[in-house]
Structure formats: structure tokens, C-alpha cells
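In this note's numbering, the protein residues as written are 267 to 451.
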């Protein structure tokens with residue numbers, strides 16, 4: 267009987283490790299993100315296409331600096347270029363005269379516990395050459411955070427063009443990285 271118990275103990279310990287291991291690993295997979303995880307300035311590269319109904323496919327390439335406040339609000343500046351076949355914007359967006367970046371972009375965001383989330387960017391109205399205002403674009407984005415919130419991987423889920431046209435089909439993605447020092451020192 268004693269020898270049976272001594273042989274059974276290692277088997278039971280092994281079974282305990284095998285069945286508890288996945289549970290322990292799942293409990294340690296960085297769940298626990300919140301709006302506070304996404305806080306600070308993030309530099310983004312943006313790339314993709316917009317498919318204008320009955321019009322040309324427009325290539326977009328750009329960069330953006332987005333500030334997430336840790337509480338669900340964001341502000342952004344961007345510099346985005348379009349392929350030469352793109353129609354000009356309906357007017358002029360607010361632009362920093364020194365950098366050429368578009369300014370006054372605002373929005374909201376939500377980070378889920380599993381480190382997925384979404385944000386919406388509301389672009390300011392354009393002013394036409396006649397002085398009229400045209401509603402700005404609205405972009406909705408789905409994202410995943412990685413590296414403890416220091417990196418954000420995103421894709422546009424809805425795009426309304428300036429003037430309220432849309433939503434229009436688009437395949438646009440971006441990669442963002444939190445600004446700050448790398449490593450210690």
C-alpha cells in the first residue's frame with residue numbers, strides 16, 4: 267500500500283501541474299487593460315485605401331500624433347497625403363502654419379479589459395473659399411494594445427468623408443508607438 271501511495275504522489279502532482287498550468291497562464295496574459303492603459307502621446311504611421319463609390323480608389327499615406335488622456339478623450343494632429351487622382355478637399359482644414367499638420371482633431375476612446383478597444387476621431391469643419399463651413403470627416407477605429415499599452419495596432423472600421431459623405435468603404439490601418447525613453451537611463 268505504501269509503495270502505491272509513493273508512486274501515486276508524483277502522478278497526482280504531474281496531473282495537478284498539467285491541469286493548473288493553462289489556468290495560471292491565462293491568468294497571467296495581461297488582461298486588465300482600461301482607458302488608463304492608453305495614456306500619453308503616440309506617434310502613428312497610417313496607410314491604406316479609400317474606395318469612393320463610382321470614383322477612383324484613393325491611396326492614403328500619413329503620420330499622426332495622438333494624445334490619449336487616460337480617461338477616454340483624445341486630441342490629434344496629422345499630415346496625410348492622397349494619391350494624385352484624389353479630388354481636392356471641400357475646403358481648408360485648420361492647419362499649423364509652421365508644421366503643415368492638420369490640427370483641432372478630437373475624439374473619444376474605450377479600452378476593454380482584454381486590451382481591445384475603439385476610438386472615434388472627429389475632424390473640424392472645413393472652410394470653403396466662399397467662407398461656408400463643411401462638416402469634417404469622422405473616422406471610427408478598432409484597435410488592440412500590446413507591450414503594456416506602449417504600442418497600438420488599429421484598423422478603420424468606418425469612414426465618413428468631409429461634407430458628410432459616407433460611410434465609404436476603406437482599408438486603412440495604422441501602427442502607433444508611445445513616445446518616451448526606451449530602456450533605462
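For glycine and all other residues, C-beta sits at the position ideal for the given N, C-alpha and C.
Euclidean distance between Cα positions of residue i and residue j
| i | j | result |
| --- | --- | --- |
| residue 339 | residue 370 | 13 Å |
| residue 311 | residue 442 | 7 Å |
| residue 292 | residue 380 | Low confidence applies to residue 292: its pLDDT is 45, below 50, so where it sits in the model is not reliable, and the reading given next is rough at best. Cα to Cα, residue 292 sits roughly 11 Å from residue 380. |
| residue 300 | residue 366 | 33 Å |
| residue 455 | residue 414 | Lying before the first or after the last residue shown, residue 455 is absent from the chain, which here runs from 267 to 451. |
| residue 363 | residue 392 | 16 Å |
Buried or exposed by the 16-neighbour rule on C-beta atoms within 10 Å, applied to residue i
| i | result |
| --- | --- |
| residue 435 | exposed |
| residue 342 | buried |
| residue 419 | exposed |
| residue 440 | buried |
| residue 447 | exposed |
| residue 437 | exposed |
| residue 353 | exposed |
C-beta atoms of residue i and residue j nearer than 8 Å
| i | j | result |
| --- | --- | --- |
| residue 374 | residue 389 | no |
| residue 314 | residue 422 | yes |
Opposing strand residues paired with residue i [DSSP bridges]
| i | result |
| --- | --- |
| residue 357 | Partner(s): none; residue 357 has no beta bridge. |
Short CB-CB distance (under 8 Å) between residue i and chain C
| i | result |
| --- | --- |
| residue 340 | In summary, chain C is missing from the structure at hand, where a single protein chain is found. |
Nearest-angstrom Cβ-Cβ length linking residue i and residue j, presumed shorter than 8 Å
| i | j | result |
| --- | --- | --- |
| residue 328 | residue 344 | 6 Å |
| residue 304 | residue 411 | 6 Å |
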